[in-house]
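Working notes for the structure below.
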Amino acid sequence: MSIKLIKNGLHIILGAMVYAVAVNYFLIPNRIGEGGVTGLTTVGYYALHIQPALTNFVLNGILVIIGFRFLKKSTVFYTLWAVIWISIFLKVPVFFPYKTSQTLIAAIFGGVLMGLSMGLIFRAEGTIAGSTILAKILNRYFGVRNGSATLCFDLMVAIPSGLIIGFQNMLLTVIELYISAVVLNKYLDMLGTERAIMVISNQNQRIAKALSENIGRGVTMLKASGFYSKSDEEVLYFICTPQQWTLVIPIVQSIDPDAFVITEGVRSVRGQELNQLL
């Protein structure tokens, strides 16, 4: 058994636990819904008193079977692993549910926990099934971005749930969904996005050598031409992790304090993984 498999499996278990805490301790006690399958589990609980663990396992199991042909085998395995553990943790007795008249607080913290849990599971190469699988299918055949498709499916469940949980709680559900999406994106960006740096300096050769020697990554020199100066220049292009980024600026400044530095977050993928950019 590989270290990667064990690591991903443990991350998914942790994500499933956080997911269940969000549902059982913040959303359900305050009658706040959710999107996708989770939204159907909460609606089923409010309207028919069906246990969330049972609804989650059955509905997600069906969707995993439907989406099997559209996912990698490893993704299917991790998704099933996530569904199993989410169902297990949803079944754990709730001891101290957070029930409050200030339901906006519950929506905010529930959304934060939901976003964090999905981030943990997605980073471990899994999904939470449900709307995630449907979004991937929509992305493959119609080119709709994964995030937009997921939100669309979530709102299709969240907005009608207002008939059961009430208009105010439906609005809180939309707020919770938005917060969870923001937290998820920030989490994935923080751990998955690298930094691209462009340096314009007459000391680019020295800077490139220092970066290569101290950080151990390749440096690209681009040919450029100044429109105003009409002179040919070299632009240094360098990609590093967020952790390495803290070392880049001191290196550049130590060689040329007047260097012009441009930086932005980037996502780099291989050609066969271009669909991950959507």
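Letter 111 of the sequence shown, counting from 1, is numbered 111 in full-length UniProt numbering, and no numbers are missing. Glycine included, each C-beta is placed from N, C-alpha and C at the ideal position.
Closest Cα partner of residue i within the set the options
i: Ser-225; options: Gly-216, Val-235, Val-219, Gly-218; result: Val-235
i: Ser-117; options: Gly-15, Ile-255, Phe-238; result: Gly-15
i: Ala-22; options: Lys-7, Val-92, Gly-110; result: Gly-110
i: Glu-176; options: Leu-27, Asp-256, Lys-7; result: Leu-27
i: Ser-212; options: Lys-230, Leu-247, Ile-86, Thr-79; result: Leu-247
i: Asp-154; options: Thr-79, Phe-96, Val-37; result: Val-37
i: Ile-84; options: Ile-3, Cys-240, Cys-152, Gly-126; result: Gly-126
i: Gly-115; options: Thr-241, Asn-185, Gln-102, Tyr-141; result: Asn-185
i: Pro-93; options: Phe-260, Ala-20, Lys-230; result: Ala-20
i: Ser-180; options: Phe-77, Thr-150, Phe-260, Val-199; result: Thr-150
i: residue 332; options: Gln-253, Leu-10, Val-261, Met-221; result: Any question about residue 332 goes unanswered here, given that the chain covers just 1 to 278.
i: Arg-195; options: Thr-173, Leu-138, Lys-230, Val-261; result: Val-261
i: Ala-259; options: Arg-206, Pro-242, Leu-188; result: Arg-206
i: Cys-240; options: Ile-165, Gly-216, Val-157, Thr-75; result: Gly-216
i: Ile-108; options: Asn-8, Leu-163, Leu-171; result: Leu-171
i: residue 287; options: Tyr-187, Ile-105, Val-18, Ala-210; result: The chain is shown only over 1 to 278; residue 287 falls outside these bounds and no answer can be derived.
i: Gly-119; options: Val-18, Gly-33, Ile-249; result: Val-18
i: Leu-5; options: Val-199, Met-190, Tyr-78; result: Tyr-78
i: Asn-24; options: Leu-163, Asn-8, Lys-91; result: Lys-91
i: Gly-166; options: Thr-103, Trp-81, Thr-75, Leu-138; result: Thr-103
i: Ile-251; options: Lys-223, Val-266, Val-183, Val-199; result: Val-199
Residue i - containing alpha helix (DSSP H), residue span
i: Thr-127; result: First-last for Thr-127: undefined, no H or E at that position.
i: Ile-207; result: 204-215
i: Lys-223; result: Careful: Lys-223 lies outside any alpha helix (DSSP H), inside the beta strand (DSSP E) at 220-225.
i: Gly-36; result: 36-48
i: Ile-164; result: 162-165
i: Ser-74; result: 73-91
i: Lys-4; result: 3-21
i: Asn-56; result: 52-66
Status (buried if at least 16 other CB within 10 Å, exposed otherwise) for residue i
i: His-49; result: exposed
i: Leu-113; result: buried
i: Ala-53; result: buried
i: Arg-69; result: exposed
i: Ile-62; result: exposed
i: Pro-59; result: Per the sequence presented here, residue 59 reads as Leu, with Pro not at that position. Leu-59 should be labelled buried.
i: Ala-47; result: exposed
i: Ile-197; result: buried
i: Ser-131; result: buried
i: Glu-264; result: exposed
i: Asn-169; result: buried
i: Gly-218; result: exposed
i: Thr-173; result: buried
i: Thr-100; result: exposed
i: Asn-275; result: With a pLDDT of 49 at Asn-275, under the threshold of 50, the modelled position of that residue is not reliable, and no figure is offered here.
i: Gly-271; result: Per-residue confidence for Gly-271 stands at a pLDDT of 49, beneath the threshold of 50, marking its modelled position as unreliable; the derived number appears in the next sentence. So Gly-271 ends up on the exposed side.
i: Ser-87; result: buried
i: Leu-138; result: buried
i: Phe-95; result: exposed
i: Leu-277; result: Low per-residue confidence applies at Leu-277: pLDDT is 47, beneath 50, and the placement is therefore not dependable enough to give any value.
i: Ser-229; result: exposed
i: Phe-142; result: exposed
i: Val-266; result: exposed
i: Ile-3; result: exposed
Cβ separation of residue i and residue j, assumed to be a contact under 8 Å, to the nearest whole Å
i: Ile-121; j: Ile-12; result: 5 Å
i: Asn-30; j: Thr-41; result: Not quite, the Cβ-Cβ distance comes to about 15 Å (not below 8 Å), so this is no contact.
i: Ile-133; j: Gly-67; result: 4 Å
i: Asn-8; j: Ala-124; result: 4 Å
i: Ile-164; j: Val-43; result: 6 Å
i: Val-182; j: Gly-39; result: No, Val-182 and Gly-39 are not in contact; Cβ-Cβ is about 18 Å, not under 8 Å.
Strand pairing of residue i, partner residues [DSSP]
i: Thr-263; result: Ile-197
Residue interval of the beta strand (DSSP E) (run including residue i)
i: Ile-239; result: 232-240
Proximity test, Cβ basis, 8 Å: residue i and chain D
i: Ser-229; result: Looking at the structure shown, chain D is missing, and only one protein chain is on hand.
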